[in-house]
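Visitor:
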Amino acid sequence: MSKTRNALRKNFENRAYRRAFVEESIRTGIAAQIAALREQRHLTQTDLAVCMQTTRSWIFRLEDPNQPPPTIQTILRVADALDVAVDVQFLPFSEFIEKAIARRTDI
14 MSKTRNALRK NFENRAYRRA FVEESIRTGI AAQIAALREQ RHLTQTDLAV
64 CMQTTRSWIF RLEDPNQPPP TIQTILRVAD ALDVAVDVQF LPFSEFIEKA
114 IARRTDI
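At position 67 of the sequence shown (counting the first as 1) the number is 80 in the numbering used here, and the numbers step up by one without a gap.
(1) In the DSSP assignment, the alpha helix (DSSP H) including L75 goes from what residue to what residue?
(2) Are the CB atoms of M65 and R90 within a distance shorter than 7 angstroms?
(3) What's the call for I72, buried or exposed, on a 16-neighbour Cβ count within 10 Å?
(4) Return the CA-CA distance between S15 and L21, expressed in angstroms with no decimal places.
(5) Use the C-beta contact count for Q80: other C-beta atoms within 10 angstroms, 16 or more gives buried, fewer gives exposed.
(6) How many Å lie between R32 and P83 at the Cα?
(7) Hey, would you say the C-beta of R90 is under 6 angstroms away from at least one heavy atom of the ligand ADP?
(8) According to DSSP, is E26 helix, strand or coil?
Here it is in structure tokens:
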């Protein structure tokens, strides 16, 4: 097991760290998924905005991981526009850590 993985597990003992890590993972993950799904469907941000009856700048903000995460209602609107399902799960932190590690190449 890498030193980085061990450090991450150790940091997860701190509740504030866990909360910040989870929020960051959700924010970046949702933004990346929206952009990837849109691109897989060969849609521009403007195309998706038209489909959702909103503006391109609003779509840009959804795809920006530095913005606050979208609401569940917004996520459902995006899912409807892209014709995909949404799967929300509550997980023990130990499972979340393993999923986060599996998604990242730098850990």
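Backbone N, C-alpha and C define an ideal beta-carbon position, used for all residues, glycine too.
Guide: In short, the structure shows the following:
(1) R69 to L75
(2) yes
(3) buried
(4) 10 angstroms
(5) exposed
(6) 17 angstroms
(7) No copy of the ligand ADP appears in this structure; indeed no ligand is present at all.
(8) coil
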